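In the working numbering, the protein residues as written are 2 to 124.
All C-beta atoms, glycine included, are put in the ideal place defined by N, C-alpha and C.
Source: prediction; values computed, not measured.
Take a look at the structure set out below.
Take a look at the structure:
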C-alpha cells in the first residue's frame, strides 16, 4: 500500500533507478517516501546529475534524473533527507535544492512513516 525507498548510494544509476521505481509506484496510485541518506544526500544538491548520462538518456528518449525527480514531485512523493547522512557528507539543509520540498528526518522518522503493509527498498 506504500513504497518507502532508502537511497543510500550517490551513484547516478542507483539514484536514477530509485526514481524510476518511485515514479512508477506513484503512477499506479501508491504513496512513496524517498529517504536520502549518506552519499544519496548529494542527489538533492544543485547540479548533482551526471550531465553525460543525462545527455545520453535524453538522446535515447529515456527519462533523465531531472525528469524523474520532477515527476515524483508532481505526483506528491515525500522527500526526506537523513540528518545523519547530511552530517556525514558535510552538508546542511541550505546546501539542498530549494525547488523540492524536503523534510529533514532520521531513521526513526523514516520507519515511522513507512507502512507495515508496504514495501521498503534499499538502493
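What is the rounded straight-line gap between the Cα of residue i and the Cα of residue j?
| i | j | result |
| --- | --- | --- |
| residue 83 | residue 26 | 22 Å |
| residue 39 | residue 87 | 7 Å |
| residue 50 | residue 73 | 16 Å |
| residue 15 | residue 30 | 23 Å |
| residue 116 | residue 3 | 6 Å |
| residue 96 | residue 41 | 14 Å |
To which residues of the same chain is residue i closer than 6 Å at the C-beta, ignoring the five residues directly before and after it?
| i | result |
| --- | --- |
| residue 107 | 84 |
| residue 110 | none |
| residue 114 | 34 |
Skipping 5 residues on each side, what residues in its chain have a beta carbon closer than 8 Å to that of residue i?
| i | result |
| --- | --- |
| residue 69 | 17, 20, 21, 23 and 24 |
| residue 94 | 82, 87, 103 and 105 |
Which class does residue i belong to by DSSP, given the choice of helix, strand or coil?
| i | result |
| --- | --- |
| residue 29 | coil |
| residue 38 | coil |
| residue 10 | coil |
Given residue i, which residues of its chain have a CB within under 7 Å of its CB, disregarding the five upstream and five downstream residues?
| i | result |
| --- | --- |
| residue 98 | 45, 46 and 47 |
| residue 89 | 39 |
Review point. For the 8 Å Cβ check, are there 3 or more pairs between the stretch 73 to 84 and the stretch 27 to 42?
Key: Contact between the stretch 73 to 84 and the stretch 27 to 42 is present, because at least three Cβ pairs lie under 8 Å.
Exercise for review: May I ask you to verify whether the stretch 4 to 11 touches the stretch 53 to 67, counting CB pairs closer than 8 Å and requiring at least 3?
Suggested key: Contact between the stretch 4 to 11 and the stretch 53 to 67 is absent, because fewer than three Cβ pairs lie under 8 Å.
Exercise for review: Could you tell me which uninterrupted beta strand (DSSP E) segments, each at least 3 residues in length, are contained entirely in the stretch 53 to 121, listed from first to last along the chain?
Suggested key: As far as the stretch 53 to 121 is concerned, its whole beta strand (DSSP E) runs of at least 3 residues are 79 to 83 and 103 to 106.
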